[in-house]
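Asks:
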Amino acid sequence: MNEALPAVRLRVPTDEDAFAWHRVFDDPEVMEFHGGRSAEVSVYEELTARQRRHDAERGFCLWSVLDGSGDVVGFTGAQPWPYAWGPSGEIEIGWRLGRAHWGRGYATAAADETLARLRAAGVPSVVAMVDARNERSIAVTRRLGMRLAETFVTPSSTREGHCYRLDL
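Letter 27 of the sequence shown, counting from 1, is numbered 179 in the numbering used here, and no numbers are missing.
#1: Is the beta carbon of V278 closer than 9 Å to that of R248?
#2: Compare the beta carbon distance of A262 and W215 with 9 Å and say whether it is the shorter of the two.
#3: State the Cα-Cα distance for the pair G297 and V160, rounded to the nearest angstrom.
#4: State the DSSP-derived secondary structure class of F304, mapped to helix, strand or coil.
#5: In the DSSP assignment, find the unbroken beta strand (DSSP E) run with E312 in it and report its ends.
#6: Near P239, what residues of its chain come up, given a Cβ to Cβ distance below 7 Å and the 5 sequence neighbours on each side ignored?
#7: Compare the beta carbon distance of E181 and R251 with 9 Å and say whether it is the shorter of the two.
#8: Where does W254 sit, in a helix, a strand or coil, going by DSSP?
#9: Quick check on Y196: buried or exposed, where buried means 16 or more other Cβ atoms within 10 Å of its Cβ?
#10: By the DSSP assignment, the alpha helix (DSSP H) with W173 in it spans what residues?
#11: Look up E242 in the DSSP assignment and say whether it is helix, strand or coil.
#12: Between the C-alpha atoms of D219 and R288, what's the straight-line distance to the nearest angstrom?
#13: In angstroms with no decimal places, state the Cα-to-Cα distance between D179 and A284.
#14: Measuring alpha carbon to alpha carbon, tell me which residue in M183, Y258, D223, R163 is nearest Q203.
#15: For P165, count neighbouring Cβ atoms within 10 angstroms of its own Cβ and tell me buried if that reaches 16, exposed if not.
#16: Can you give the Cα-Cα distance for F227 and C213, rounded to whole angstroms?
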């Protein structure tokens with residue numbers, strides 16, 4: 153990573169972050185590779201509650217990403233891959249930002265901090281499952297030093313995807 157990355161802070165998501173996540177992700181472009189449309193607030197309420205449990209049980213979760221002003225700009229973090237297909241049981245790193253924050257280095261900075269936290273938690277390796285058309289996320293995997301391990305077809309959408317890996 154040659155360029156200076158922006159300052160970010162990661163925190164375990166609060167109840168209020170469910171509303172912040174809903175607000176920053178309520179954009180068809182943000183959701184293009186995540187089902188194509190915005191989720192209801194209740195989905196984010198359940199998701200943030202689950203992340204608090206994950207952090208308490210595992211020492212990692214999907215954390216809220218805060219910019220230098222303390223505003224929530226998205227999330228990053230890791231959790232076990234939940235599906236029977238793909239890298240079942242492995243730890244997946246991921247990120248999602250509001251569109252207003254794209255192209256500024258936030259995803260890379262936050263994902264880099266996530267990797268440091270995962271190393272500290274003793275996680276030996278991570279995967280990133282990325283839609284093959286998602287050039288922005290593919291670029292982040294490269295900046296993190298991840299390698300393309302395999303391609304796959306997502307069972308639900310029949311889209312081509314990539315599985316990137318990184319040993320920690």
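Every residue, glycine too, gets a C-beta built ideally from N, C-alpha and C. All of these numbers come straight from a predicted model, not from anything done at the bench.
Replies: In this structure, then:
#1: With respect to V278, R248 sits apart: the two C-beta atoms are not nearer than 9 Å.
#2: A distance below 9 Å separates the beta carbons of A262 and W215.
#3: Whole-angstrom Cα-Cα distance: 20 Å.
#4: In this structure, F304 counts as strand in the three-state DSSP scheme.
#5: It spans 312-319 - the beta strand (DSSP E) in which E312 sits, taken as one unbroken run.
#6: Counting only Cβ-Cβ distances below 7 Å, and skipping sequence neighbours, we find W233, V279, C315.
#7: Yes, the Cβ-Cβ distance between E181 and R251 is below 9 Å.
#8: When DSSP states are grouped into helix, strand and coil, W254 belongs to the coil group.
#9: Buried: at least 16 other Cβ atoms inside 10 Å.
#10: 169-177 is the span of the alpha helix (DSSP H), which, as asked, contains W173.
#11: E242: coil per DSSP, three-state reduction.
#12: So the alpha carbons of these two residues sit roughly 19 Å apart.
#13: In this structure, the alpha-carbon of D179 lies about 20 Å from that of A284.
#14: Looking at the Cα atoms, R163 is the closest of the given residues.
#15: Around the beta carbon of P165, 16 or more other beta carbons lie within 10 angstroms, which makes this residue buried.
#16: Rounded to whole angstroms, F227 and C213 show a C-alpha spacing of 10 Å.
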